[in-house]
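Colleague:
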Amino acid sequence: MTCSDVEQALPELLDGEANGAFPTEVESHLQSCAACSGLVSDLETIAGAARTLAASEEPPPRVWARIALELRAEGLIRDQPADAKLAPGRPILLPTAARRRWSSTAWWLAPVAAALVAGGSYVVSHKPATPVAQNQAPVNAAPSSAPSPAGSAPTTPWQCGLPAQASMQPTVTAQTTVEPEPSADDQQFLSAVSTRAPSMRATYENQLKAVNADILETQAYVDRNPRDAEAREHLMEAYQQKALLYQIALDRIQ
Amino acid sequence: MTDPKQAITEAEAIEQAKQGHEAAFEVLYHLHKRRVYSLCLRMVANPAQAEDLAQEAFLQLFRKIGTFRGESAFSTWLHRMTVNVVLMQLRKKGLPVVSLEETLEADDEAPRKEFGTKDLRLTGSVDRLQLQRAIDKLPPGYRTVFVLHDVEGFEHNEIAQMVGCSIGNSKSQLHKARLKLRDFLKFMRAEKAKTG
Amino acid sequence: MVEFRKASSQPASIKNTAIVTAVLATCLSSALCSAAFAEAAKEFRYTVGAHANISVDTQYGSISVKPGTDNEVVVTATLKSDNVEVDQQQNGNRIEIASHLLRGTDQRNGQVDYELLIPPDATVNLRSSTGPMSAERLQGDLTLEGAEAAVNVRDVENGHVHIRTMRGPITLTDVRNGHVEVASISGDVHLKGVTGPLVQVTSGRGGISYDGDFSSGGEYRFTTHTGDIRVLVPADVSADFKARSVLGRVQHDFPLKPRHSRFPEEVGRSFFGTTGQASSEVVLRSFSGRIRLKQR
Numbered sequence: 001m002t003c004s005d006v007e008q009a010l011p012e013l014l015d016g017e018a019n020g021a022f023p024t025e026v027e028s029h030l031q032s033c034a035a036c037s038g039l040v041s042d043l044e045t046i047a048g049a050a051r052t053l054a055a056s057e058e059p060p061p062r063v064w065a066r067i068a069l070e071l072r073a074e075g076l077i078r079d080q081p082a083d084a085k086l087a088p089g090r091p092i093l094l095p096t097a098a099r100r101r102w103s104s105t106a107w108w109l110a111p112v113a114a115a116l117v118a119g120g121s122y123v124v125s126h127k128p129a130t131p132v133a134q135n136q137a138p139v140n141a142a143p144s145s146a147p148s149p150a151g152s153a154p155t156t157p158w159q160c161g162l163p164a165q166a167s168m169q170p171t172v173t174a175q176t177t178v179e180p181e182p183s184a185d186d187q188q189f190l191s192a193v194s195t196r197a198p199s200m201r202a203t204y205e206n207q208l209k210a211v212n213a214d215i216l217e218t219q220a221y222v223d224r225n226p227r228d229a230e231a232r233e234h235l236m237e238a239y240q241q242k243a244l245l246y247q248i249a250l251d252r253i254q
Numbered sequence: 255m256t257d258p259k260q261a262i263t264e265a266e267a268i269e270q271a272k273q274g275h276e277a278a279f280e281v282l283y284h285l286h287k288r289r290v291y292s293l294c295l296r297m298v299a300n301p302a303q304a305e306d307l308a309q310e311a312f313l314q315l316f317r318k319i320g321t322f323r324g325e326s327a328f329s330t331w332l333h334r335m336t337v338n339v340v341l342m343q344l345r346k347k348g349l350p351v352v353s354l355e356e357t358l359e360a361d362d363e364a365p366r367k368e369f370g371t372k373d374l375r376l377t378g379s380v381d382r383l384q385l386q387r388a389i390d391k392l393p394p395g396y397r398t399v400f401v402l403h404d405v406e407g408f409e410h411n412e413i414a415q416m417v418g419c420s421i422g423n424s425k426s427q428l429h430k431a432r433l434k435l436r437d438f439l440k441f442m443r444a445e446k447a448k449t450g
Numbered sequence: 451m452v453e454f455r456k457a458s459s460q461p462a463s464i465k466n467t468a469i470v471t472a473v474l475a476t477c478l479s480s481a482l483c484s485a486a487f488a489e490a491a492k493e494f495r496y497t498v499g500a501h502a503n504i505s506v507d508t509q510y511g512s513i514s515v516k517p518g519t520d521n522e523v524v525v526t527a528t529l530k531s532d533n534v535e536v537d538q539q540q541n542g543n544r545i546e547i548a549s550h551l552l553r554g555t556d557q558r559n560g561q562v563d564y565e566l567l568i569p570p571d572a573t574v575n576l577r578s579s580t581g582p583m584s585a586e587r588l589q590g591d592l593t594l595e596g597a598e599a600a601v602n603v604r605d606v607e608n609g610h611v612h613i614r615t616m617r618g619p620i621t622l623t624d625v626r627n628g629h630v631e632v633a634s635i636s637g638d639v640h641l642k643g644v645t646g647p648l649v650q651v652t653s654g655r656g657g658i659s660y661d662g663d664f665s666s667g668g669e670y671r672f673t674t675h676t677g678d679i680r681v682l683v684p685a686d687v688s689a690d691f692k693a694r695s696v697l698g699r700v701q702h703d704f705p706l707k708p709r710h711s712r713f714p715e716e717v718g719r720s721f722f723g724t725t726g727q728a729s730s731e732v733v734l735r736s737f738s739g740r741i742r743l744k745q746r
């Protein structure tokens, strides 16, 4: 047998049929030909190594977050609000952050940021009828292992950018632009910024007002147009913008 | 990135998912996410696309979960569905799923001697990261068969049925893919020896 | 039996040499001395191997990164006062530099400006609240994060580029062949000659402008909340376009080939269609901003 003959025969020989035992004429060629036996050995090595690549990669958390969102939108998830377990997806806008030292003041920001997104996905999929929902039970959105800020009510989506008291009507200013009162978490956020980076307080406050206004505006639209999936996605993204703001602050406050 | 506590078995999760419980869907997702995502990523060599394809595969699975009767293993069902989702995407993009040549070409016939007789073997070990990169560099047609057979463990008759080629074609594509990978790996090794 | 070795190589020898250069005050008279800041320049040099990892974190101040030699990192830090220090450390191939503010320091006297020369294949992480931050002619992964910092990235190839700002404007020029992910809350984002397998840009209130050709068969996703999206491409662009604004106006001046979509096309609010071979995927979405696709 020549090297060329062996090469031609390899596709049939290498998998399954031969079960590792080659025909005699092939074996004897391999014993005397370093090039061909090297080739066979290499190809078997590659095939063996390939097996270990199956299931070797982990998808980012946003994949599940999107699946859950779609399943809710299609009505395949039919949990009642009280039973709902929320998928605490990481905000998809955020790249993987390097390990950070967390200041003692700002440790509560991370679960709040996560809760904002989880709460956002909850709100987006439940399509409540009106923006005023005094009977909405607070949902325990934050991961259970995260400590909650002392003295604050459990974070609900309604507190994002909305007044902390039961009435959900945002204050209307003289210019008739809707400017919501900051929630308890927002107040705590701003006070942390004031303490640690006072020169940045005005900037963060303005940004917070802007994202809260965007959330409100989008929420109002979604309420009027519950079938608009695109609008619901924008609402989710508005919550993620707020989470991004919290995250940037978390990184910047030293 | 920890998986949720599995208080239920896969069979129970399937039944509960049919009832519309989110936690059950999530359990099924976490059980199979690595397999599905890795398969997509190996086939398209693009993480963003792989995310979309993995998402689509799970969605298709979950939409059909009401019809799952347990005739075959759930994972087999999901596995095949994932392959179909990826192949559909490749076809949509006009990428060749498999090449059409059945036989080896002239330049594939003899083992290559470029690297000298001293360095013929990959010395019995393959750097995993290099192998991943080499697979990503394969032409899409070769990559499909290699991933399905050597990485995912499908048989040639299954591959032939899924991609729409003959069994002989599947075998020859696999062989060519392995030859190409061997070349890539040797090149990478030679480059590393120069700089390392 | 198959064994696997990690791909990353160990650097041959690592030395850390810190060289402190002269410090001079600029007060003109003794009366002004108490008010004048003592500006100091410090230089740090590090020897590194391939694919070094370099982080710079400053609350106030600019960071500029350029390519230098293949195995050395040179950091020049200009400190505006005595109320701020530079912490620096090297662990193997990883270098971490941070400005350390002493009590009572504000933006003015807490400023440290950094200039870095690094191996082009290094991974870079830059953080500054005020900025500006810039990086050019590099090939490794870049992560830049700022609050108000303006970010400028130019002539970068192959790496992952991740940028996020609160309201700092972001400009990317000639960024090719990598993954680009940009997020800003209200900063404007300008992209010129940016192509690659994935280009994903989100700005809440800022606008996004793209001047390029959507090439490389990649996926391009631009999303805003209220900001406008403006895209300028050549007539022979090859892409599959999807554009929708929930409340804003949407316009294009391309002869798009219609494609089947499960979303109804609302004239003036959305368009779907392909040009050329539809090689790249382009998704333009806004809640209330305007979307404009223009031919160059």
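Residue numbers (the numbering used here), protein chains in the order written: chain H, 1 to 254; chain C, 255 to 450; chain X, 451 to 746. Virtual Cβ for every residue (Gly too), placed ideally from N, Cα, C.
What's the call for Met236/H, buried or exposed, on a 16-neighbour Cβ count within 10 Å?
Modeller: Met236/H should be labelled buried.
Colleague: Name the one or two DSSP bridge partners that Arg604/X has.
Modeller: Answer is Glu586/X and Thr623/X, bridged to Arg604/X.
Colleague: Taking the Cβ atom as the reference point for each residue, do Gln727/X and Ser665/X lie within a distance shorter than 8 Å?
Modeller: No; because the gap between Cβ atoms is not below 8 Å, this pair is not in contact.
Colleague: Taking buried to mean at least 16 other C-beta atoms within 10 Å of its own C-beta, is Leu552/X buried or exposed?
Modeller: Its Cβ having fewer than 16 others within 10 Å, Leu552/X is exposed.
Colleague: How close, in whole Å, do the beta carbons of Gly667/X and Phe691/X come, if the pair is a contact with beta carbons under 8 Å?
Modeller: Their Cβ separation, rounded to whole angstroms, is 15 Å, which puts Gly667/X and Phe691/X out of contact at 8 Å.
Colleague: Using a Cβ-Cβ cutoff of less than 8 Å, which residues in the same chain neighbour Ser104/H once the five nearest sequence positions on both sides are dropped?
Modeller: With a pLDDT of only 39 at Ser104/H, under the threshold of 50, the placement of this residue in the model should not be trusted, and no figure is reported.
Colleague: Helix, strand or coil for Phe722/X per DSSP?
Modeller: Phe722/X: strand per DSSP, three-state reduction.
Colleague: Hey, does Ala302/C have any beta-carbon neighbour from chain X nearer than 8 Å?
Modeller: Taking Cβ atoms only, chain X reaches closer than 8 Å to Ala302/C, which makes this a yes.
Colleague: What's the gap between the Cα of Gln159/H and the Cα of Val399/C?
Modeller: Because Gln159/H carries a pLDDT of 34, less than 50, the predicted location of this residue cannot be relied on, and the following value inherits that uncertainty. Cα to Cα, the separation comes out at about 52 Å.
Colleague: Quick check: the Cα distance between Asp5/H and Arg397/C, rounded to an integer number of angstroms?
Modeller: Their Cα atoms are separated by approximately 25 Å.
Colleague: I want to know whether the stretch 23-43 of chain H touches the stretch 272-292 of chain C - three or more CB-CB distances under 8 Å.
Modeller: Segments in contact, no.
Colleague: Classify Val340/C as helix, strand or coil using the three-state DSSP reduction.
Modeller: Reduced to three states, the DSSP call for Val340/C is helix.
Colleague: Using a Cβ distance threshold of 8 Å, determine whether the stretch 232-252 of chain H contacts the stretch 207-221 of chain H, with at least three qualifying pairs required.
Modeller: In short, these stretches touch, since the Cβ pair count reaches three.
Colleague: At a Cβ threshold of 8 Å, is Ala217/H touching chain C?
Modeller: Position check: residue 217/H holds Glu in this sequence, whereas Ala was assumed. Not one chain C Cβ lies under 8 Å of Glu217/H.
Colleague: Would you call Asn206/H buried or exposed, if buried means 16 or more other Cβ atoms sit within 10 Å of its Cβ?
Modeller: Classification for Asn206/H: exposed.
Colleague: With a threshold of 6 Å on Cβ separation, who are the neighbours of Val401/C within its own chain once the five nearest residues in sequence on each side are excluded?
Modeller: The residues are Arg296 and Met297.
Colleague: Output, in sequence order along the chain, the residues in the stretch 4-38 of chain H whose CB is closer than 8 Å to any CB in chain C.
Modeller: Listed by position, the residues of the stretch 4-38 of chain H near chain C (Cβ gap below 8 Å) are Ser4, Glu7, Gln8, Leu10, Pro11, Glu12, Leu14, Asp15, Gly16, Ala34, Ala35, Cys36 and Gly38.
Colleague: Would DSSP call Thr275/H helix, strand or coil?
Modeller: Residue 275/H lies beyond the range of chain H shown here (1 to 254); nothing can be said about it.
Colleague: Contact defined as beta carbons within less than 8 Å: I believe Asp404/C pairs with Ala47/H. What is the distance between those atoms, to the nearest angstrom?
Modeller: With a Cβ gap of about 5 Å, Asp404/C and Ala47/H count as contacting.
Colleague: With DSSP run on the structure shown, which of helix, strand or coil describes Glu57/H?
Modeller: Glu57/H falls in the coil class under three-state DSSP.
Colleague: Under DSSP, the beta strand (DSSP E) around Lys692/X begins and ends at which residues?
Modeller: Lys692/X -> beta strand (DSSP E) spans Ala689 to Ser695.
Colleague: Express the C-alpha separation of Thr555/X and Gln509/X in angstroms, rounding to a whole number.
Modeller: Approximately 11 Å, taken between the alpha carbons.
Colleague: Grouping DSSP H, G and I as helix and E and B as strand, with all else coil, what is Arg66/H?
Modeller: Of the three classes helix, strand and coil, the one that applies to Arg66/H here is helix, per DSSP.
Colleague: Please confirm whether Leu588/X and Val515/X have their CB atoms less than 8 Å apart.
Modeller: In contact: Leu588/X and Val515/X (Cβ atoms closer than 8 Å).
Colleague: Does Glu669/X have its Cβ less than 8 Å from a Cβ in chain C?
Modeller: For Glu669/X, the answer is yes, since a Cβ of chain C falls inside 8 Å of its Cβ.
Colleague: How is Thr676/X classed by DSSP in three states: helix, strand or coil?
Modeller: Coil at Thr676/X, not helix or strand.
Colleague: Do His629/X and Ala572/X come within 8 Å of each other at the CB atom, strictly closer than that value?
Modeller: Contact: no.
Colleague: For Glu407/C, count the other beta carbons within 10 Å of its own beta carbon; 16 or more makes it buried, fewer makes it exposed. Which is it?
Modeller: Inspection of the sequence shows that residue 407/C is occupied by Gly rather than by Glu. Label assigned to Gly407/C: exposed.
Colleague: Who are the Cβ neighbours of Arg196/H in its own chain at under 6 Å, not counting the five residues just before and after it?
Modeller: The residues are Ile253.
Colleague: In whole angstroms, what is the alpha-carbon distance linking Gly542/X and Lys492/X?
Modeller: Going by the C-alpha atoms only, they are around 22 Å apart.
Colleague: Do we get a CB-CB distance below 8 Å when we pair Tyr221/H with the residues of chain X?
Modeller: True, the Cβ-Cβ gap to chain X drops below 8 Å.
Colleague: Do Leu576/X and Val625/X come within 8 Å of each other at the CB atom, strictly closer than that value?
Modeller: No; because the gap between Cβ atoms is not below 8 Å, this pair is not in contact.
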